[in-house]
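What follows is a set of notes on a single structure, which appears directly below.
Written out as structure tokens, the structure is:
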């Protein structure tokens with residue numbers, strides 16, 4: 001069972017913490033499978049302060065910190081409408097980012113974040129949720145499958161100058 005936690009919606013005032021947790025969790029998750037040059041290129045571009053500020057200020061995107069013992073343990077980013085990275089299915093909420101620091105994994109906290117995304121999707125009366133997961137991230141694929149996501153397609157996700165394949169997973173939200 002997961003430990004005590006708080007959910008905090010991220011604001012521009014939290015940008016340094018968001019940048020830190022974004023770089024840390026992406027590096028922990030994918031650093032060993034990518035060159036340091038490609039990781040550096042990706043992190044510098046994807047998590048640049050100006051880019052994160054624009055994402056936070058976009059009314060169709062929301063970020064949430066998962067806080068455990070007064071520290072940011074992970075975060076969630078969801079998109080709707082034109083903030084989605086692509087149009088996968090109608091009336092959907094995209095889970096663009098869902099990350100936990102390694103020390104907080106396997107404690108039920110990932111489920112807290114994915115259920116938060118589902119709650120947000122339902123409140124917005126969305127019919128579906130979708131996300132992309134790297135073809136080599138088998139643990140994440142199993143996690144999403146267990147939660148009811150199904151693979152519908154794939155797309156290219158570029159880390160630095162390395163094109164990689166992400167599987168597109170969709171979960172229908174029954175009324």
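Numbering (full-length UniProt numbering), first residue to last: 1 to 175. Virtual Cβ for every residue (Gly too), placed ideally from N, Cα, C.
Classify residue 32 as buried or exposed, calling it buried when 16 or more other Cβ atoms lie within 10 Å of its own Cβ.
Within the chain shown, numbered from 1, the residue matching residue 32 stands at position 32. Counting Cβ neighbours within 10 Å, residue 32 comes out exposed, since fewer than 16 surround it.
Can you tell me where the beta strand (DSSP E) with residue 167 in it begins and where it stops?
The residue labelled residue 167 in the question sits at position 167 within the chain shown. Start and end: 162-172.
What residue does the beta strand (DSSP E) around residue 11 start on, and which one ends it?
Looking up residue 11 in the chain shown gives position 11. Looking at the DSSP string, residue 11 is not in any beta strand (DSSP E), and its letter there is neither H nor E.
Three or more C-beta pairs closer than 8 Å, one from the segment 105-114 and one from the segment 54-62: is that the case here?
no
Tell me, which residues are paired with residue 75 by DSSP?
To locate residue 75, count along the chain shown from 1; it is residue 75. Per the DSSP secondary-structure output, residue 75 pairs in a beta bridge with 65 and 99.
C-alpha gap between residue 158 and residue 42, whole angstroms
Taking the chain shown and counting its residues from 1, one reaches residue 158 at position 158. Taking the chain shown and counting its residues from 1, one reaches residue 42 at position 42. Roughly 8 Å separates the two Cα atoms.
Secondary structure at residue 89, three-state DSSP: helix, strand or coil?
For the purposes of this step, residue 89 is taken as residue 89 along the chain shown, with counting starting at 1. In the three-state reduction of the DSSP assignment, residue 89 falls in the coil class.
Straight-line CA distance for residue 134 to residue 126?
Working through the chain shown from its first residue, we reach residue 134 at position 134. Working through the chain shown from its first residue, we reach residue 126 at position 126. Near 24 Å, if we compare the C-alpha coordinates of residue 126 and residue 134.
On a Cα-Cα basis, can you pick out the residue from 76, 144 and 171 that is closest to residue 6?
Within the chain shown, numbered from 1, the residue matching residue 6 stands at position 6. Of 76, 144 and 171, the residue nearest in Cα terms is 76.
Just to confirm, are residue 168 and residue 88 a CB contact at a threshold of 8 Å?
Taking the first residue of the chain shown as 1, we reach residue 168 at position 168. Taking the first residue of the chain shown as 1, we reach residue 88 at position 88. At the C-beta level, residue 168 and residue 88 come within 8 Å of one another.
For residue 132, count neighbouring C-beta atoms within 10 Å of its own C-beta (all shown protein chains included) and say buried if the count is 16 or more, exposed if not.
Looking up residue 132 in the chain shown gives position 132. Flag for residue 132 reads buried.
Report yes if the C-beta distance between residue 9 and residue 99 is below 8 Å; otherwise report no.
The residue given as residue 9 occupies position 9 in the chain shown. The residue given as residue 99 occupies position 99 in the chain shown. Taking 8 Å as the Cβ cut-off, residue 9 and residue 99 do not qualify as a contacting pair.
If you compare alpha carbons, which of 95, 45, 91 and 138 is closest to residue 79?
Position 79 of the chain shown, counted from the start, is the residue given in the question as residue 79. Checking every option, the nearest Cα to that of residue 79 belongs to 95.
Do residue 172 and residue 128 come within 8 Å of each other at the CB atom, strictly closer than that value?
For the purposes of this step, residue 128 is taken as the residue at position 128 of the chain shown. For the purposes of this step, residue 172 is taken as the residue at position 172 of the chain shown. Result yes, Cβ atoms of residue 128 and residue 172 sit closer than 8 Å.
Put residue 108 into one of helix, strand or coil per three-state DSSP.
Stepping through the chain shown from its first residue, residue 108 is reached at position 108. Coil at residue 108, not helix or strand.
Relative to the C-alpha of residue 40, which candidate in 51, 138 and 26 has its C-alpha closest?
Locating residue 40 in the chain shown gives position 40, counting from the first residue. When each option's Cα is compared against that of residue 40, the closest is 26.
Let me know if residue 138 comes out buried or exposed under the rule of 16 or more other beta-carbons within 10 Å of its beta-carbon.
Numbered from 1 along the chain shown, position 138 holds the residue referred to as residue 138. Exposed.
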